[in-house]
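Working notes, beginning with the structure itself.
Protein chains: 2
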Amino acid sequence: MSNSNVLYQHGTLALLVPGLLDGTLTMKDLLSHGDTGIGTGEGLDGELIILDGTPYQVDSKGNVNLVDSEFTLPFANSHFADYAEMLEVEDIKRDDLQKQISETAASNNTFYSVKITGTFKNMKTRAVQKSSQPYKSLAETAEKQSIFTKDSVEGTLLSYYSPQLFDGAAVGGFHSHFMSDEHDFGGHILSFESVTGVVSFQQFDSLEQHLPTDNKDYMQHDFSQDNILDDVHNAEG
Amino acid sequence: MSNSNVLYQHGTLALLVPGLLDGTLTMKDLLSHGDTGIGTGEGLDGELIILDGTPYQVDSKGNVNLVDSEFTLPFANSHFADYAEMLEVEDIKRDDLQKQISETAASNNTFYSVKITGTFKNMKTRAVQKSSQPYKSLAETAEKQSIFTKDSVEGTLLSYYSPQLFDGAAVGGFHSHFMSDEHDFGGHILSFESVTGVVSFQQFDSLEQHLPTDNKDYMQHDFSQDNILDDVHNAEG
């Protein structure tokens, strides 16, 4: 079923916090729910981005790798691309851009995706480093992340917006990954100064939230002991 | 698509709080996502329960009405029944039963449904009273709800359990409606003393969360001003 009104999500942001990082979905399964997406690998193995059906991983050394279909993920989003052009922007600052997208979209109470292709100034990304069992908590992993910067880079920003009501299950607000046109730079976006390019927009009316119910560690975990929102906001900021 | 691993939800618990009560889904559409479910009508028009494909409404006078396919709802759940018998219970108190279900299910971190058929002692239900535009807030409606009691009644309890992480979008914990075998008594369950009967269980691995994106009032509402969790816990308790 190819339904461009649905955002698919496997796992929750919350399960990353205590380090429930088993890969519980294959890339093949994720791609069956979309040709566009973001995620991370088992043990927080880098930052993933799927563009036009091709999944790329930015690992903690900054290398960009193609991801095979048996690669597994604890947390990911995907959807079938059906974007419409929303804005053309010229050297717009990141905050101003987010405000303009938010106002134009008028979709704060539903899920949507934004794709921006263009030239980004002072792009700063991070990639997390894979841990093995016993997995590190999100806070521990965040301490060991690698940070990458580019003064100017052409590429694609892929972002998902989730209503604040779903913060903790999803990332409340925008969650953005990046891939350069040369496929030599990317990751989870920490910041950029400005961008010149084209902003596209796709709104969803449904979230398909899939949970790793076959994973014992997930099913048996007591989430009431975790400080979910503080930890994810510190790590995802 | 009839997938018994999916719990469908239209709307959110949160949108009831400020009174965004337009009916934004027809009963026909809800039934296309399940033969079993619960919900409320436009303007908080009573308490609904769907059993074996038949939707019933308990209105604020306590009458049980059959619901037609064009009836609209602001908030509802449905799923395709595929229950397995979990427990036989005899005169078990409600708290003990919830504890026993919770321990046997070991599914606190995913969505599931419980169906209990049997004889309930001191069943206490409520039904909310329909308001028209401008709709009342959930707190105002809760003040005007009707309460119904039965010393002993045979019937079916239908409950959905949602993980605490989804509280506010869904009802965190159990959300239970009731219908008597005679189809003359029911509603949203406030309490019961004990039950003798059969407990059935069905676990989901996915929540399909559908939002009323065609509804202007919903899309333009500023939820940051609402006291969502306090208000829903007071009203749904």
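Residue numbers (the numbering used here), protein chains in the order written: chain X, 1 to 237; chain A, 1 to 237. For glycine and all other residues, C-beta sits at the position ideal for the given N, C-alpha and C. If you're wondering where the values come from, they're calculated on a predicted model, not measured in any experiment.
Helix, strand or coil: which one does DSSP assign to residue i?
| i | result |
| --- | --- |
| A:Ala76 | strand |
| A:Val198 | strand |
| A:Gln9 | strand |
| A:Tyr112 | strand |
| X:Gln220 | helix |
| X:Asp214 | coil |
| A:Ser102 | helix |
| A:Glu90 | strand |
| X:Leu207 | strand |
| A:Asp45 | coil |
| X:Met1 | Low per-residue confidence applies at X:Met1: pLDDT is 47, beneath 50, and the placement is therefore not dependable enough to give any value. |
| X:Val64 | strand |
| X:Thr117 | strand |
| A:Val232 | helix |
| A:Thr26 | strand |
| X:Asp96 | helix |
| A:Gln145 | coil |
| X:Leu21 | coil |
| A:Gln57 | strand |
| X:Phe243 | In the structure as shown, chain X begins at 1 and stops at 237. Residue 243 of chain X is therefore absent and cannot be evaluated. |
| X:Ala81 | coil |
| A:Glu182 | coil |
| A:Glu154 | strand |
Please report how far the alpha carbon of residue i lies from the alpha carbon of residue j, in whole angstroms.
| i | j | result |
| --- | --- | --- |
| A:Leu165 | A:Gln57 | 29 Å |
| A:Leu190 | X:Asp91 | 57 Å |
| A:Asp29 | A:Phe185 | 26 Å |
| X:Ser4 | X:Gly53 | 14 Å |
| A:Asp214 | X:Ser206 | 12 Å |
| X:Ala139 | X:Val17 | 7 Å |
| A:Val6 | X:Gln9 | 13 Å |
| A:Thr40 | A:Phe75 | 6 Å |
| X:Met1 | A:Gly62 | Low local confidence applies: a pLDDT of 47 at X:Met1 is under 50, so the model's placement there is unreliable, with the coordinate-based value given in what follows. The straight-line gap from Cα to Cα measures roughly 42 Å. |
| A:Leu15 | X:His183 | 43 Å |
| A:His221 | A:Asp45 | 22 Å |
| A:Glu96 | A:Ser200 | Note that residue 96 of chain A is Asp in the sequence shown here, rather than Glu. Roughly 16 Å between the two C-alpha positions. |
| A:Ser224 | X:Thr24 | 34 Å |
| A:Asp217 | X:Ser131 | 46 Å |
| X:Val64 | X:Glu143 | 21 Å |
| X:Ala235 | A:Phe192 | 44 Å |
| X:Met219 | X:Ser152 | 44 Å |
| A:Val89 | A:Phe204 | 23 Å |
| A:Pro55 | A:Asp181 | 14 Å |
| A:Ser107 | X:Thr141 | 28 Å |
| X:Gln100 | X:Asp82 | 21 Å |
| X:Ile228 | A:Thr104 | 26 Å |
| X:Leu66 | X:Ser102 | 32 Å |
Thinking residue i and residue j are a contact (beta carbons under 8 Å), I'd like their distance in whole angstroms, please.
| i | j | result |
| --- | --- | --- |
| X:Leu157 | X:Lys115 | 7 Å |
| X:Gly187 | X:Glu42 | At roughly 18 Å, the Cβ-Cβ gap does not stay under 8 Å, so X:Gly187 and X:Glu42 are not in contact. |
| A:Ser60 | A:Gln133 | With 8 Å as the limit, A:Ser60 and A:Gln133 do not qualify as a contact, their Cβ atoms being about 18 Å apart. |
| X:Phe71 | X:Thr26 | 7 Å |
| X:Ser113 | X:Gln202 | 5 Å |
| A:Ser159 | A:Phe174 | 5 Å |
| A:Ser162 | A:Phe111 | 6 Å |
| X:Ser78 | X:Gly11 | About 12 Å separates the two Cβ atoms, so there is no contact after all. |
| A:Leu211 | X:Asn109 | 7 Å |
Going by C-alpha distance, which of the options is nearest residue i?
| i | options | result |
| --- | --- | --- |
| X:Leu51 | X:Lys61, X:Thr12, X:Gly34, X:Thr110 | X:Gly34 |
| X:Thr117 | X:Lys124, X:Gly155, X:Met86, X:Thr149 | X:Gly155 |
| A:Asp68 | A:Gln98, A:Leu31, A:Ala76, A:Phe75 | A:Leu31 |
| A:His233 | A:Glu182, A:Val171, A:Tyr8 | A:Val171 |
| A:Ser194 | A:Ser137, A:Thr36, A:Lys124, A:Leu7 | A:Lys124 |
| A:Val198 | A:Ala84, A:Asn63, A:Lys99, A:Thr36 | A:Ala84 |
| A:Phe178 | A:Gly168, A:Lys150, A:Ala169, A:Ser131 | A:Lys150 |
| X:Ser137 | X:Tyr8, X:Asp22, X:Val6 | X:Asp22 |
| X:Asp230 | X:Glu140, X:Gly168, X:Gln145 | X:Gly168 |
| X:Met86 | X:Asn122, X:Gln98, X:Asp222 | X:Gln98 |
| A:Ser146 | A:Arg126, A:Leu15, A:Leu211 | A:Arg126 |
| A:Leu20 | A:Ala235, A:Leu211, A:Tyr135, A:Phe192 | A:Tyr135 |
| A:Ile49 | A:Lys216, A:Ile228, A:Ser176, A:Thr12 | A:Ser176 |
| X:Asn122 | X:Pro163, X:Asn108, X:Lys93, X:Gly37 | X:Lys93 |
Practice task
Residues of the segment 94 to 114 of chain A with a CB closer than 9 Å to any CB of chain X: list them in chain order, please.
Solution key: Ala106, Ser107, Asn108, Asn109, Thr110, Phe111
Practice task
Scan the segment 197 to 223 of chain X for residues whose Cβ lies nearer than 9 Å to a Cβ of chain A and list them as they occur along the chain.
Solution key: Gln203, Phe204, Asp205, Ser206, Leu207, Glu208, Gln209, His210, Leu211, Pro212, Thr213, Asp214, Tyr218, Met219, Gln220, His221, Asp222, Phe223
Exercise for the section: With 9 Å as the limit, tell me which residues of the segment 158 to 175 of chain A have their beta carbon closer than that to any beta carbon of chain X; keep them in chain order. Expected result: Pro163, Gln164, Leu165, Phe166, Gly168, Ala169
Handout entry: Interface residues of the segment 7 to 20 of chain X facing chain A [CB-CB below 7 Å]
Key = Taking 7 Å as the Cβ-Cβ cut-off against chain A, the residues of the segment 7 to 20 of chain X that qualify are Thr12, Ala14.
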